[in-house]
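Participant:
In this note's numbering, the protein residues as written are 6 to 526.
Printed below as a string of structure tokens:
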């Protein structure tokens, strides 16, 4: 650390005060939720087991690709609830496959009704398209006679909205914000004979769509391929049956003559637009290709959507279980009690062994705990971080990591005093030596947390994330709070006097060192 920072530890305290104020503002932003998100094991929820079967009249056997596509659609529906720690897993394969869905804090009847619906795949002409946020200034209506009806507010539960004419949807199109929580949830039934207002799967675009000109059951095959000449990126090829080929030809002849965005068509799966390419020329013969700056994985996903998007499967509810939050509350209480006991024992040890210097460690623990709780609240709202019992275990483990930082630093100070240094000099020399050890230890903990997070799934990732978060907080508090306080402590005349309550009594430290040395002999 530079001489300027050693001479002015107040700057670091001001810096951490600013960071603290910013974190508090982030966590308790007006109008936002001020509670931590709790996982399924702490607040209860719903677990549904689904068994997929081929729809009646469908030939063949259930393939793994169809199961994978079903899982992706279900995962999109579940994520639309706006909850974290929701899990969709597959047990078994083929005819014996079962899809297990766990969602924290969701009404069992609501999730069951949503999951058992079969997805629909439609191809619809685009009448209007724009950014997925509300349009402040109305533009021209896509139809010749714009609606004069008052502006309607789109409710999250209403998508996709359908009507007999596009005029009825246009005012709602202007006010639609696709990033409103709940709007990107699939699973809502749509009528292919009506106009539709909906969003793209990622929420960045919103659309007014015409009635479907092709339905998913008219797509016979789809493949992700590279151009035969080897130039350009990945593309997706489509094959249609005779009825689909005729409708594709008619639609492409009409739409390819129109300006953008009316020359585009939306590929609608489960009520949301997964892709909206354009017709560059009429397509005859029942074969088409979708070109764009696709990556390999993107092209394969779109191909899978087109091949199995109509989902010729039915989902049967084999079991639906409501998990009571009572057990979770008991676990939460037990976890918090264990953490409190561990924290109290650490505090008692620090105060008995380090006396006044131990109070610096206690204040640092309080600051670190406050940062952790504020970040749990803020990250829960911003990225969906959910606190689980495994996460609480990670926080408890971090108490020991943080306490180790204090022990390393304080013992370095005592070693310097035993070597005859003054307290003021000892605090600075000890920090120069201790910080390397602190950074090395915290780096190992952080590396372990990152590797564990990358390689694990489920609640173990919650443990790893919390462990990594508390490790970062430990570094922040040690450098910007503990060290400045110890620096002020070392400058005080009372601490320099070396009284019994300071924890850095030169007489006691040298005497203890002499006793140990004598016993070694």
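Cβ coordinates follow ideal geometry from the N, Cα and C atoms, glycine included.
Could you check the C-alpha separation between residue 419 and residue 482 for me, to the nearest Å?
Facilitator: Within the chain shown, residue 419 is the residue found at index 414, counting from 1. Within the chain shown, residue 482 is the residue found at index 477, counting from 1. Taking the straight line from one Cα to the other gives about 21 angstroms.
Participant: With DSSP collapsed to three states, give me the class of residue 7.
Facilitator: As a working note, residue 7 is residue 2 in the chain shown. With a pLDDT of only 44 at residue 7, under 50, the local geometry of the prediction cannot be trusted, and no value is derived from it.
Participant: For residue 263, tell me which candidate among 399, 19, 311, 131 has the shortest Cα-Cα distance.
Facilitator: Residue 263 sits at position 258 when you count from the first residue of the chain shown. Checking every option, the nearest Cα to that of residue 263 belongs to 131.
Participant: Nearest-angstrom Cα distance between residue 281 and residue 67?
Facilitator: Against the chain shown, residue 281 aligns to sequence position 276. Against the chain shown, residue 67 aligns to sequence position 62. The alpha-carbon atoms of residue 281 and residue 67 are separated by roughly 29 angstroms.
Participant: Counting pairs of Cβ atoms below 8 angstroms between the stretch 287-302 and the stretch 257-273, do you hit three or more?
Facilitator: They touch, by the three-pair rule.
Participant: Compare the C-beta of residue 291 against all C-beta atoms of chain D and say whether one is closer than 8 angstroms.
Facilitator: Of the protein chains in this structure there is only one, and it is not chain D.
Participant: Could you have a look at residue 266 and say whether DSSP puts it in helix, strand or coil?
Facilitator: Start at 1 with the first residue of the chain shown, and residue 266 comes out as number 261. Note: residue 266 maps to coil in three-state DSSP.
Participant: Tell me residue 129's beta-bridge partners as DSSP assigns them.
Facilitator: Position 124 of the chain shown, counting from 1, holds the residue named residue 129. Bridge partners of residue 129: 217, 271.
Participant: Hey, could you find the ends of the beta strand (DSSP E) residue 50 is sitting in?
Facilitator: As a first step, residue 50 is located in the chain shown; it is residue number 45 there, counting from the start. 50-59 is the span of the beta strand (DSSP E), which, as asked, contains residue 50.
Participant: DSSP state of residue 346, grouped into three classes?
Facilitator: Taking the chain shown and counting its residues from 1, one reaches residue 346 at position 341. Reduced to three states, the DSSP call for residue 346 is helix.
Participant: What distance in whole Å lies between the Cβ atoms of residue 495 and residue 428, which are believed to be in contact at a cut-off of 8 angstroms?
Facilitator: On the chain shown, residue 428 is found 423 positions in, with the first residue counted as 1. On the chain shown, residue 495 is found 490 positions in, with the first residue counted as 1. Sure, about 5 angstroms apart at Cβ, within 8 angstroms.
Participant: Quick one: grab the DSSP three-state call for residue 512.
Facilitator: By one-based count along the chain shown, residue 512 stands at place 507. Of the three classes helix, strand and coil, the one that applies to residue 512 here is helix, per DSSP.
Participant: Please classify residue 489: is it buried, with 16 or more other beta-carbons within 10 angstroms of its beta-carbon, or exposed?
Facilitator: On the chain shown, residue 489 is found 484 positions in, with the first residue counted as 1. Buried, because 16 or more other Cβ atoms sit within 10 Å of the Cβ of residue 489.
Participant: Is it buried or exposed for residue 441, if we count other Cβ within 10 angstroms and need 16 for buried?
Facilitator: One-based indexing of the chain shown puts residue 441 at position 436. Counting Cβ neighbours within 10 Å, residue 441 comes out exposed, since fewer than 16 surround it.
Participant: Cβ atoms of residue 307 and residue 402: under 8 angstroms apart, would you say?
Facilitator: For the purposes of this step, residue 402 is taken as the residue at position 397 of the chain shown. For the purposes of this step, residue 307 is taken as the residue at position 302 of the chain shown. The answer is no: Cβ separation not under 8 angstroms.
Participant: Mark residue 206 as exposed unless 16 or more other C-beta atoms lie within 10 angstroms of its C-beta, in which case mark it buried.
Facilitator: Position 201 of the chain shown, counting from 1, holds the residue named residue 206. Result: buried.
Participant: Taking all protein chains shown into account, decide if residue 35 is buried (16 or more other Cβ within 10 angstroms of its Cβ) or exposed.
Facilitator: In the chain shown, counting from the first residue as 1, residue 35 sits at position 30. Exposed, since its Cβ has fewer than 16 Cβ neighbours within 10 Å.
Participant: If you follow the beta strand (DSSP E) that residue 109 is part of, which residue opens it and which one closes it?
Facilitator: Translated into the one-based positions of the chain shown, residue 109 becomes position 104. 103-109 is the span of the beta strand (DSSP E), which, as asked, contains residue 109.
Participant: So, under 8 angstroms CB-CB, residue 472 and residue 450 are touching, yes? Tell me the CB distance rounded to an integer number of Å.
Facilitator: To locate residue 472, count along the chain shown from 1; it is residue 467. To locate residue 450, count along the chain shown from 1; it is residue 445. Rounded, the Cβ-Cβ distance is 7 angstroms, consistent with contact.
Participant: When you compare the CB positions of residue 184 and residue 208, do they come within less than 8 angstroms of one another, or not?
Facilitator: Mapped onto the chain shown, residue 184 falls at position 179. Mapped onto the chain shown, residue 208 falls at position 203. Their beta carbons are under 8 angstroms apart, which means residue 184 touches residue 208 by this criterion.
Participant: Go ahead and pull the three-state DSSP assignment for residue 506.
Facilitator: On the chain shown, residue 506 is found 501 positions in, with the first residue counted as 1. It is coil, neither helix nor strand.
Participant: Take the Cβ of residue 150 as the centre, count every other Cβ of all protein chains shown within 10 Å, and call the residue buried at 16 or more, exposed below.
Facilitator: Along the chain shown, one-based indexing puts residue 150 at 145. At residue 150 the pLDDT is 36, less than 50, meaning the model places this residue with poor confidence; the figure from the coordinates comes in the next sentence. When all chains shown are included, residue 150 counts as exposed.
Participant: I'd like the list of long-range same chain contacts for residue 167, defined as Cβ closer than 7 angstroms, with 5 residues on each side in sequence excluded.
Facilitator: For the purposes of this step, residue 167 is identified with residue 162 of the chain shown, where counting begins at 1. Closer than 7 angstroms at the Cβ level, and outside the excluded window around residue 167, lie 195, 196, 199, 200, 201.
Participant: Tell me which residue opens and which closes the beta strand (DSSP E) that residue 230 is part of.
Facilitator: Within the chain shown, the letter at position 225 stands for residue 230. Note, residue 230: beta strand (DSSP E), 224-230.
Participant: Where does residue 335 land, buried or exposed, given buried means 16+ other C-beta within 10 angstroms?
Facilitator: Counting from one through the chain shown, the residue named residue 335 turns up at place 330. Burial call: exposed.
Participant: Taking the alpha-carbon positions, what's the residue 189 to residue 438 distance?
Facilitator: Within the chain shown, residue 189 is the residue found at index 184, counting from 1. Within the chain shown, residue 438 is the residue found at index 433, counting from 1. Distance between the alpha carbons of residue 189 and residue 438: 53 angstroms.
Participant: Which of helix, strand or coil does DSSP assign to residue 378?
Facilitator: As a working note, residue 378 is residue 373 in the chain shown. In the structure shown, residue 378 sits in a helix (DSSP, three-state: H, G or I).
Participant: Measuring alpha carbon to alpha carbon, tell me which residue in 301, 275, 325, 350 is nearest residue 117.
Facilitator: On the chain shown, position 112 is the one that residue 117 refers to. Ranking 301, 275, 325, 350 by Cα distance to residue 117 puts 325 first.
Participant: Hey, out of 40, 507, 232, 180, whose CA is closest to residue 1's CA?
Facilitator: This structure does not reach residue 1, given that the chain is present from 6 up to 526, and the question cannot be answered.
Participant: Within this structure, are the beta carbons of residue 138 and residue 178 separated by less than 8 angstroms?
Facilitator: On the chain shown, position 133 is the one that residue 138 refers to. On the chain shown, position 173 is the one that residue 178 refers to. Their beta carbons are not under 8 angstroms apart, which means residue 138 does not touch residue 178 by this criterion.
Participant: For the beta strand (DSSP E) that residue 390 lies in, which residues bound it at each end?
Facilitator: By 1-based counting over the chain shown, the position of residue 390 is 385. No beta strand (DSSP E) holds residue 390; DSSP gives it neither H nor E.
Participant: DSSP on residue 120, reduced to helix/strand/coil?
Facilitator: Mapped onto the chain shown, residue 120 falls at position 115. DSSP places residue 120 in helix when its eight states are reduced to three.
Participant: Could you check where the beta strand (DSSP E) with residue 487 kicks off and where it finishes?
Facilitator: Within the chain shown, the letter at position 482 stands for residue 487. First-last for residue 487: undefined, no H or E at that position.
Participant: Use the C-beta contact count for residue 349: other C-beta atoms within 10 angstroms, 16 or more gives buried, fewer gives exposed.
Facilitator: For the purposes of this step, residue 349 is taken as the residue at position 344 of the chain shown. Exposed, by the Cβ-count rule.
Participant: Where does residue 286 sit, in a helix, a strand or coil, going by DSSP?
Facilitator: Position 281 of the chain shown, counting from 1, holds the residue named residue 286. Residue 286 falls in the coil class under three-state DSSP.
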